[in-house]
Amino acid sequence: MSMTRPASFSIASSGRRCLTMSKLIRPLFLRDRLGSAAQVFGVAGSSRRGKAWDSNKIIPPPAKYGGRHTVTMIPGDGIGPELLRHVQEVFRYSCVPVDFEVVHVNSAMTEEDDIDDAITAIRRNGVALKGNIETSHTMPPSHKSRNNLLRTSLDLYANVIHCQSLPGVQTRHRDIDIMIIRENTEGEYSSLEHESVPGVVESLKIITKSNSLRIADYAFRLAREKGRKRVTAVHKANIMKLGDGLFLQCCKEVASGYPDIVFDSMIVDNTTMQLVSKPQQFDVMVMPNLYGNVVSNVCAGLVGGPGLVPGANLGRDYAVFETATRNTGKSIANKNTANPTAMLLASCMMLDHLQLHDYAALIRSAILRTMNETRMHTADIGGQGTTSEVVQSIMRLMQGASLRSAAAF
Amino acid sequence: MAGNAWRSTVSRVLGAVKNQTSVTRGFAGGIQTVTIIPGDGIGPEISDAVIKIFDSAQVPIHWEERNVTAIKGPGGKWMIPPEAKESMDKSKIGLKGPLKTPIAAGHPSMNLLLRKTFDLYANVRPCVSIEGYKTPYTDVDLVTIRENTEGEYSGIEHVIVDGVVQSIKLITENASQRIAQFAFEYARNNQRSTVTAVHKANIMRMSDGLFLRKCRDVAENYKDIKFTEMYLDTVCLNMVQDPTSFDVLVMPNLYGDILSDLCAGLIGGLGVTPSGNIGANGVAIFESVHGTAPDIAGKDLANPTALLLSAVMMLRHMGLHDHAKKIEKACYDTIESETVRTKDLGGNAKCSEFTNEICRRVQDQD
Chain A
135 MSMTRPASFS IASSGRRCLT MSKLIRPLFL RDRLGSAAQV FGVAGSSRRG KAWDSNKIIP
195 PPAKYGGRHT VTMIPGDGIG PELLRHVQEV FRYSCVPVDF EVVHVNSAMT EEDDIDDAIT
255 AIRRNGVALK GNIETSHTMP PSHKSRNNLL RTSLDLYANV IHCQSLPGVQ TRHRDIDIMI
315 IRENTEGEYS SLEHESVPGV VESLKIITKS NSLRIADYAF RLAREKGRKR VTAVHKANIM
375 KLGDGLFLQC CKEVASGYPD IVFDSMIVDN TTMQLVSKPQ QFDVMVMPNL YGNVVSNVCA
435 GLVGGPGLVP GANLGRDYAV FETATRNTGK SIANKNTANP TAMLLASCMM LDHLQLHDYA
495 ALIRSAILRT MNETRMHTAD IGGQGTTSEV VQSIMRLMQG ASLRSAAAF
Chain B
97 MAGNAWRSTV SRVLGAVKNQ TSVTRGFAGG IQTVTIIPGD GIGPEISDAV IKIFDSAQVP
157 IHWEERNVTA IKGPGGKWMI PPEAKESMDK SKIGLKGPLK TPIAAGHPSM NLLLRKTFDL
217 YANVRPCVSI EGYKTPYTDV DLVTIRENTE GEYSGIEHVI VDGVVQSIKL ITENASQRIA
277 QFAFEYARNN QRSTVTAVHK ANIMRMSDGL FLRKCRDVAE NYKDIKFTEM YLDTVCLNMV
337 QDPTSFDVLV MPNLYGDILS DLCAGLIGGL GVTPSGNIGA NGVAIFESVH GTAPDIAGKD
397 LANPTALLLS AVMMLRHMGL HDHAKKIEKA CYDTIESETV RTKDLGGNAK CSEFTNEICR
457 RVQDQD
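Okay, structure coming up:
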């Protein structure tokens, strides 16, 4: 599907305040509409998906229905619903051609119907934006974490987080720019546990060669694509010789195919120590599931907290975007104090994935300008603004940007 | 001096019920024996430094030096030399320098051997910001207590089929009970207000769930101490943003490994962090957790701070609080003065100069 680049923006004078595209590009629009219809009625709707992954990017789902994408939205618990409402608000304001199919998942239910419906919806649409679904650990072990179920059923094997120091946010360390690629489906999160005798519990950590090769390959490919120089594998192979040893071996194997990228490895406890003293030394990091959890939370804390960093869960066929640290934020829910930055940046990542780069750039630059220039900050980064104030500021900046680009023509 | 000894004896006798873990052995005002294991690399020189400082502070300790190397005992099992084991069993207190683990030596690491021999089930690492050594984090004052025998480090791994490896994480009721009990006792004895259990029970429902249940059960008996639970990722996130919000943390093996090193990084690294291992039968071994640094061994460049602070921890465990305070103050003051610092702390003094300066400050305090 070719990118329809809007020739100009104009502010509609009718009561609806929204950025609309000019009449010029409508013929292009129609062509796309027919084109996408052919794709839908040609081979089965998911023809683009399911193909073997070539060395290029993941192919985004074709836009059906008039060039508009349909994205599954799972509000989740805590601050998820309100943040996703703000995302919808911002998208409506900027006329992003994305429709959301909202699927609610009730975390208190023991039956898995809700999450199954959500998974089916994501299979249908290919892309999702979600809040975190709470997992109460007072439930019995048979009740699996909903988020984990989603990740494993859709085989979203790579969790990608990009932690960057923002100039407008006060932190102890500066100049951090780390990409973390975490294996998202196996490792310690296999949820395979049993009580051999009363009082003795075993939990299995599974490491497979195929998944380790796959995640290492993804990490190196991403590093090359983004022009990164170094990939560090994080492990504990001195103690878990077979498990993490296999992971490390797979990384080394893949590294040999990328001579332009430096590969080294570091033990996880040393890694956390280095991260709090000299985080600037890290570039790209790849690691199994649990260490990924620890390292991504440490890095998110270093750049300013859970409200700033977006994350992507990517598989061969599907992509689910959420905040990097996956917090439910129960204590600040519905108080208008949550930081919308992480969720909005995640939605920009989603727009980039759908190849709607212009919209993504517009929203992202408005967010970063709010953060760095106008300094409208929520409480978690030391400011006094409310969530809605921040969102209003972002929308104001977007309008200003579009006015400027309209004036240029 | 005699008054102090009498007071400490009385408190030992009367306070035995209250302070079970802080005082283990000792006769009225007498000299206690401590087994010292210098270790490899920079081990011998930093051990000498500590002995020298303790002499100048006139600490009533008799040092018994022992070496540990892995030897094959009857039945083919690897073990530590019997003299070392005997000495340790008698004295119950040990101070250990860094031990090297040669790769492909055929025997497990020395640290692991010691752990198994004396059933050292709790690893305690107090992380306190050093006033004289500035890091981006100030006012850190927390203690990590890590279960040291099971969990993810049980060493049970196998290749199921080619390309699929399974590692078993073992959590038992007894070990969880024991470490929780120790954590609350430690908190009570050291006037700590909060104990936080770190877990991932949302994912590992059964194993971490069992650990958490045991912590909750033990918390029932310690109503004077606040008990909270927190996910591992939330702890990591909050630790790097605001470490002052944590007090005592208790957790299984792997999380403990990661978090204790994270906290060591907050205060300045392994070169300034003390550590203690508590075992069953009242054995306690205090150690420095840094490496053997073979590149600077024998050159009088090493920094004895980590081993010294571990020795101070040992003094507190033995009930010799006055001596502990004196030596600790001298150490902190020396680092703060910035005139005599070893290379890793940013200065260029020699190890002997640093040691002498601390000795001088200790004697000045008398």
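First to last, the protein sequences are chains A and B. Counting in the working numbering, the first sequence runs without a single skipped number right up to 543 at its last residue. Counting in the working numbering, the second sequence runs without a single skipped number right up to 462 at its last residue. Using N, Cα and C, we set each Cβ at its ideal position, and we do this for glycine too.
- Chain order gives the chain B residues near Pro275/A as Arg301, Met302 and Gly305, where near means a beta carbon separation below 8 Å.
- Taking CB atoms only, Gly251/B has a neighbour in chain A less than 9 Å away.
- If the five residues before and after Ser527/A are omitted, its C-beta is found closer than 7 Å to the C-beta atoms of Thr504, Thr508 and Met510, all from its own chain and listed in chain order.
- Taking C-alpha positions only, Cys455/B is separated from Arg221/B by approximately 25 Å.
- Your pair Met273/A and Glu235/A does not check out as a contact, with CB atoms roughly 28 Å apart and the cut at 8 Å.
- The beta-bridge partner set that DSSP reports for Gly321/A consists of Ile340/A.
- Within the region 352-384 of chain B, Asp353, Ile354, Asp357, Leu358, Ala360, Gly361, Leu362 and Gly365 place their CB atoms closer than 7 Å to a CB of chain A, listed in sequence order.
- One alpha carbon belongs to Pro444/A, the other to Arg498/A, and they sit about 12 Å apart.
- Taking C-beta atoms under 8 Å as the contact rule, Gly441/A and Asn473/A qualify, at a distance of about 3 Å.
- Using a Cβ distance threshold of 9 Å, Ser337/A and Ser303/B count as a contacting pair.
- Arg308/A counts as exposed, since fewer than 16 other C-beta atoms from the protein chains shown sit within 10 angstroms of its C-beta.
- Looking at the DSSP output, Leu263/A bridges to Met207/A and Phe455/A.
- Taking a cut-off of 8 Å for Cβ pairs, the region 276-293 of chain A and the region 444-464 of chain A touch, as three or more such pairs fall below it.
- From the beta-carbon of Ser325/A, the residues of chain B found nearer than 9 Å are Ile299, Met300 and Arg301.
- Scanning its chain for C-beta atoms nearer than 7 Å, with the 5 sequence neighbours on each side dropped, one finds around Leu531/A the residues Ala500, Arg503 and Thr504, in chain order.
- Ranking Thr290/B, Ile256/B and Thr213/B by CA distance to the CA of Lys173/B puts Thr213/B first.
- By the Cβ rule, the region 373-386 of chain B does not count as touching the region 415-426 of chain B, because fewer than three pairs are nearer than 8 Å.
- A distance below 7 Å between beta-carbons, with the five flanking residues on each side excluded, links Glu246/B to the following residues of its chain, in chain order: Leu266, Ile267, Thr268, Ala271 and Asn349.
- The alpha-carbon of Arg211/B is positioned some 15 Å away from that of Glu182/B.
- Classified as exposed, Pro178/B has fewer than 16 neighbouring CB atoms from the shown chains inside 10 Å of its CB.
- DSSP places Tyr249/B within a strand segment (E or B) once states are collapsed to three.
- Interface annotation for the region 194-222 of chain A against chain B: empty, criterion Cβ-Cβ distance under 8 Å.
- In the three-state DSSP reduction, Gly445/A falls in the strand class (E or B).
- Non-local beta-carbon contacts of Asp429/B in its own chain, meaning distances under 7 Å to residues more than five positions away in sequence, involve Arg457 in chain order.
- At a cut-off of 3 residues, the continuous stretches assigned as beta strand (DSSP E) that sit fully inside the region 285-318 of chain B are 290-295.
- For chain B, none of the residues of the region 251-262 of chain A brings a beta carbon within less than 9 Å of one of its beta carbons.
- Inter-residue distance for Gly361/B and Leu345/B is about 16 Å (C-alpha atoms, whole angstroms).
- By the criterion of a C-beta distance shorter than 6 Å, Ile341/A is surrounded in its chain by Gly377, Leu380 and Phe381, once the five residues flanking it on both sides are discounted.
- For the C-beta of Leu436/A, the chain B residues within less than 8 Å are, from N- to C-terminus, Val336.
- In this structure, Pro209/A lies near Gly265/A, with their beta-carbon atoms less than 9 Å apart.
- Taking C-beta atoms as the reference points, Lys296/B and Glu317/A fail to come closer than 9 Å.
- For Val402/A, the chain B residues whose Cβ falls inside 7 Å of its Cβ are Ile354, in order along the chain.
- Selection Asn334/B, Met335/B and Cys311/B evaluated against Thr324/B yields Cys311/B as nearest (Cα-Cα).
- A straight-line Cα-Cα distance of about 13 Å links Arg450/A and His487/A.
- Asp329/B sits in a helix when the DSSP states are folded into three classes.
- In this structure, Asp233/A lies away from Val239/A, with their beta-carbon atoms at least 9 Å apart.
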